[in-house]
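Top to bottom, those sequences are chains L and F.
One rule links them: number in this note's numbering = place in the first sequence (from 1) + 1.
One rule links them: number in this note's numbering = place in the second sequence (from 1) + 347.
Glycine is no exception: its CB is placed at the ideal position from the N, C-alpha and C atoms.
These numbers were taken from a predicted model, which means no experiment stands behind them.
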Amino acid sequence: MDQMDERVKKEILDHTEDSHDTLKDDIWNHIDQELFQEKNRKEKQMKKKRKSKIIPIIIAVAAGVMLLFSTQTDTGLALIKQIKDLFEPEKQITQSIEGTDEETDVILQEGKDAKYVIYIDEERYKLVQGEESDIITTKEPLEDKYPEVSMEIKQFKDISPEEMVTTLESKLPTEYTQVTETESVKEPVVGYKLHGITGSEWDSPVTNVYVVSNNNGGSFVITEKYFLEAAEGHGARFYAMLQQFEIVK
Amino acid sequence: MQMHEGIVQDIKKGNRDAFRNLYDEYAGYAIRTAKAITRNDELAKDAVQEAFIRVYRNISSYDPKLSFSAWFYRILVNECNRLLNKEKKMVPTDTSLMENTSQLIERSKESVADIYGIIQHMADLYRIPLLLKYIKGFSEKEIAEILNLNQNTVKSRLFNGRKLLRNQLNWRENEYGPNGRTS
Numbered sequence: 002m003d004q005m006d007e008r009v010k011k012e013i014l015d016h017t018e019d020s021h022d023t024l025k026d027d028i029w030n031h032i033d034q035e036l037f038q039e040k041n042r043k044e045k046q047m048k049k050k051r052k053s054k055i056i057p058i059i060i061a062v063a064a065g066v067m068l069l070f071s072t073q074t075d076t077g078l079a080l081i082k083q084i085k086d087l088f089e090p091e092k093q094i095t096q097s098i099e100g101t102d103e104e105t106d107v108i109l110q111e112g113k114d115a116k117y118v119i120y121i122d123e124e125r126y127k128l129v130q131g132e133e134s135d136i137i138t139t140k141e142p143l144e145d146k147y148p149e150v151s152m153e154i155k156q157f158k159d160i161s162p163e164e165m166v167t168t169l170e171s172k173l174p175t176e177y178t179q180v181t182e183t184e185s186v187k188e189p190v191v192g193y194k195l196h197g198i199t200g201s202e203w204d205s206p207v208t209n210v211y212v213v214s215n216n217n218g219g220s221f222v223i224t225e226k227y228f229l230e231a232a233e234g235h236g237a238r239f240y241a242m243l244q245q246f247e248i249v250k
Numbered sequence: 348m349q350m351h352e353g354i355v356q357d358i359k360k361g362n363r364d365a366f367r368n369l370y371d372e373y374a375g376y377a378i379r380t381a382k383a384i385t386r387n388d389e390l391a392k393d394a395v396q397e398a399f400i401r402v403y404r405n406i407s408s409y410d411p412k413l414s415f416s417a418w419f420y421r422i423l424v425n426e427c428n429r430l431l432n433k434e435k436k437m438v439p440t441d442t443s444l445m446e447n448t449s450q451l452i453e454r455s456k457e458s459v460a461d462i463y464g465i466i467q468h469m470a471d472l473y474r475i476p477l478l479l480k481y482i483k484g485f486s487e488k489e490i491a492e493i494l495n496l497n498q499n500t501v502k503s504r505l506f507n508g509r510k511l512l513r514n515q516l517n518w519r520e521n522e523y524g525p526n527g528r529t530s
């Protein structure tokens, strides 16, 4: 450090001093109450109950979407969908959006380097191919007041799904305040699912991250981003599109 | 700095004393950092509190082989930014300043009274790496981890930030003398 650095450091430390540890003690008292005191634990449980009302609704909608898809997807197509050329270029799916069944036309799209295919609801979304990943985002840009809505698909050729999950488990809590335990899933894709959310307001950011094997020692990481109020809209639509995600061998 | 496996295990088990020790070790600089980033004691208090709560609740996701400081400060900086966004007090990152540094200096000349004021008038892309460097003495590699940036990007931002700072200090000293008073 030169003379200027020493001077700058001293001034910053002078300006940010917590005299007599006032803030430090105050913050600890709040943390102690929130995490360790019995009285607060009860309040926390009540808060959790209030928040948890939202989760069953999301699960119920997701389950509804799953059921509809399992009955209406062309099972014959499933048998041959490893061969890219045999995918239907366009098809109609029925999805349950905010409690209403909706017929939606979806268009076949090829991912980066033709390593996967996915059907996109092109009335609402577009697939943007980037250098390192593909991003499905809203066709019309959202107003500034809305948090990001997107679904990124990225391949990591040399990182196994398990290694990728370990990395994401460290990264996600730095970006979201509540992160649920990683789970193995079979829907909408076969792989691992990580979920994070910050807050319980209408615009609280939500993420679902799916880690799928690329069947060659690497992984595909699919990162959905939306906000709480959009869970039954964009969230359900991403889920439905992801059910059509197939790796091309 | 890596976190000792034993402390992590104790915190995972809900050991209050272990967590208090960790708090005592990290709170001082965390408060300074949050105060500097948010420029607001109340927001800083909320950010530090929430960061420690998140650390406690997510300690199982921390890999003890990695730098605990970088992991903790990443949570803290994200929390500061989240609260600033929520308060709609976020100083916009004006990318034009990257190409037009004289604009930043001109703007700063009007209102800064000391070195701290000069830094606080910088765009966030310089301000936050500089604060991390000067407050806690983080290396470029650690700042890159905390801010999720490429190390070369951090190197360049620190270089340009310090250059701006030096220019501004020289200008002030020529204008007002070494003590910052009008001659």
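- Taking CB atoms only, residue 31 of chain L has a neighbour in chain F less than 8 Å away.
- Between residue 104 of chain L and chain F, the shortest Cβ-Cβ separation is not below 8 Å.
- Residue 229 of chain L sits in a helix when the DSSP states are folded into three classes.
- Residue 185 of chain L has L/193 as its beta-bridge partners, per DSSP.
- Taking all protein chains shown into account, residue 191 of chain L has fewer than 16 neighbouring C-beta atoms within 10 Å of its C-beta and is therefore exposed.
- Taking CB atoms only, residue 478 of chain F has a neighbour in chain L less than 8 Å away.
- For residue 371 of chain F, the enclosing alpha helix (DSSP H) has its first and last residue at 363-385.
- Note on geometry: alpha-carbon atoms of residue 424 of chain F and residue 493 of chain F lie some 8 Å from one another.
- Assignment of residue 116 of chain L by DSSP, reduced to helix, strand and coil, places it in the coil class.
- For residue 211 of chain L, the beta-bridge partners assigned by DSSP are L/194 and L/223.
- Taking C-beta atoms as the reference points, residue 358 of chain F and residue 403 of chain F count as a pair closer than 8 Å.
- Residue-level contact check: residue 246 of chain L does not touch chain F, since none of the beta carbons of chain F fall below 8 Å from its beta carbon.
- Contact note: residue 397 of chain F reaches chain L through 178, using a C-beta cutoff of 8 Å and chain order.
- If you check the CB distance, residue 383 of chain F and residue 462 of chain F do not come in under 8 Å.
- Here residue 385 of chain F is buried: its Cβ has 16 or more other Cβ atoms, across all protein chains shown, within 10 Å.
- Interface annotation, residue 403 of chain F: in contact with chain L, CB-CB separation under 8 Å.
- Look at residue 175 of chain L here: in three-state DSSP terms it is helix.
- Taking 7 Å as the Cβ-Cβ cut-off, the stretch 136-148 of chain L has no residue approaching chain F.
- Distance from the CA of residue 146 of chain L to the CA of residue 231 of chain L, rounded to the nearest whole angstrom, comes to 13 Å.
- By alpha-carbon distance to residue 174 of chain L, the top candidate from F/365, F/371 and F/406 is F/406.
- Any Cβ of chain L closer than 8 Å to the Cβ of residue 504 of chain F would place that residue at the interface, and such an atom is absent.
- Between residue 516 of chain F and residue 33 of chain L, the alpha-carbon positions lie close to 43 Å from each other.
- Per the C-alpha coordinates, the member of L/140, L/154, L/195 and L/243 positioned closest to residue 126 of chain L is L/140.
- Cβ contact annotation for residue 393 of chain F (same chain, cutoff 7 Å, sequence separation greater than five): 430, in chain order.
- Here residue 124 of chain L is exposed, its C-beta having fewer than 16 other C-beta atoms within 10 Å.
- In the three-state reduction of the DSSP assignment, residue 150 of chain L falls in the coil class.
- For residue 378 of chain F, the closest Cβ of chain L is nearer than 8 Å.
- Per the coordinates, the alpha-carbon of residue 184 of chain L lies some 24 Å from the alpha-carbon of residue 412 of chain F.
- Close to residue 8 of chain L, with beta-carbon spacing below 7 Å, are these residues of chain F in chain order: 462.
- Listed along chain F, the residues sitting closer than 8 Å to residue 12 of chain L by beta-carbon distance are 461, 462 and 463.
- Looking at the DSSP output, residue 202 of chain L sits in no beta bridge, so it has no partner there.
- Residue 218 of chain L and residue 196 of chain L have their C-alpha atoms roughly 24 Å apart.
- With a threshold of 16 other beta carbon atoms within 10 Å, residue 236 of chain L meets it and is buried.
- At a beta-carbon threshold of 8 Å, the residues of chain L lying near residue 388 of chain F are 24, ordered along the chain.
- Bridge partners of residue 139 of chain L according to DSSP: L/126.
- In this model, residue 507 of chain F and residue 364 of chain F are separated by some 43 Å (Cα to Cα).
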